[in-house]
Amino acid sequence: MTHSTDIHYGTRTGVLVYPILTLVITLLGCGQPVGPERARVSGTAHYDGRPIPYGEIKFSPDAELGGNGPQGQVFIVDGKFDTAKLDKGPVAGPHVVEIYGFDGIANEEVGPWGDPLFIPYTTKVTVSSGDSILEFSIPAGQKPVKAAY
32 MTHSTDIHYG
42 TRTGVLVYPI
52 LTLVITLLGC
62 GQPVGPERAR
72 VSGTAHYDGR
82 PIPYGEIKFS
92 PDAELGGNGP
102 QGQVFIVDGK
112 FDTAKLDKGP
122 VAGPHVVEIY
132 GFDGIANEEV
142 GPWGDPLFIP
152 YTTKVTVSSG
162 DSILEFSIPA
172 GQKPVKAAY
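For the sequence shown, our numbering begins at 32 and goes up steadily by one.
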């Protein structure tokens with residue numbers, strides 16, 4: 032007989048607790064960004080004084096200087112880039128930056144990006160929180176060995 036009271040109490044508690052718990056979890060989960068806040072980075076990228084037709088920039092937090100967090104990336108189109116288009120900007124802090132540039136002329140040997148213009152170029156930058164404008168200028172003489180990327 033005492034069991035019927037326990038079961039009744041447990042059912043009433045479940046009826047109240049589970050909907051409230053579901054509501055709280057839903058409200059906490061909605062609209063919250065996942066991971067650390069990413070900065071918006073935009074700007075220009077040139078090789079030998081000319082806009083890079085097509086390419087990619089990767090921002091890797093520089094652990095040697097205390098940087099941490101996810102990698103950021105952005106595509107270069109006609110010498111311009113803006114991380115707002117992919118929402119994969121870097122986190123604020125020091126970064127090692129790798130820049131890949133291609134001629135943008137698709138062919139069967141190397142694919143839709145075309146032939147590489149230069150060997151992957153590496154530099155370092157510090158990204159501020161919020162919006163940053165960066166200019167990358169890769170010097171001539173960074174010619175790659177013909178290879179498919």
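For every residue, glycine included, the Cβ atom is placed at its ideal position computed from N, Cα and C.
Just to confirm, are residue i and residue j a CB contact at a threshold of 9 angstroms?
i, j, result
"serine 163", "arginine 69", "no"
"valine 108", "proline 84", "yes"
"lysine 111", "serine 159", "no"
"phenylalanine 133", "alanine 76", "no"
"alanine 171", "glycine 80", "yes"
Along the chain, where does the beta strand (DSSP E) containing residue i start, and where does it finish?
i, result
"proline 92", "85-92"
"phenylalanine 133", "124-133"
"leucine 165", "162-169"
"serine 73", "71-78"
"valine 108", "103-108"
"threonine 153", "152-158"
Could you tell me the distance, in whole angstroms, from the CA atom of residue i to the CA atom of residue j?
i, j, result
"isoleucine 88", "tyrosine 131", "6 angstroms"
"glycine 135", "proline 151", "16 angstroms"
"glycine 161", "glycine 120", "10 angstroms"
"alanine 115", "leucine 165", "14 angstroms"
"phenylalanine 149", "tyrosine 78", "8 angstroms"
"glycine 86", "glutamine 104", "11 angstroms"
"serine 91", "proline 67", "14 angstroms"
"tyrosine 40", "leucine 117", "Residue confidence for tyrosine 40 is low, a pLDDT of 49 falling below 50, so the modelled location carries little weight and cannot support an answer."
"isoleucine 169", "threonine 157", "18 angstroms"
"tyrosine 180", "glutamate 139", "Note on tyrosine 180: pLDDT 44, under 50, position unreliable in the model; the coordinate value appears next. Straight-line Cα distance between these residues: approximately 12 angstroms."
"phenylalanine 106", "glutamate 95", "26 angstroms"
Assuming residue i contacts residue j under a Cβ cut-off of 8 angstroms, what Cβ separation, rounded to an integer in Å, is found between them?
i, j, result
"valine 127", "threonine 153", "6 angstroms"
"aspartate 113", "lysine 155", "Actually they do not touch by this definition, with Cβ atoms about 21 angstroms apart."
Quick one: does residue i have its CB under 9 angstroms from some CB of chain C?
i, result
"asparagine 138", "The structure shown has no chain C; it contains just one protein chain."
Open item on the list: Using a Cβ distance threshold of 8 angstroms, determine whether the stretch 92-102 contacts the stretch 140-148, with at least three qualifying pairs required.
Closed with: Because the criterion of three Cβ pairs below 8 angstroms is not met, the stretch 92-102 and the stretch 140-148 do not touch.
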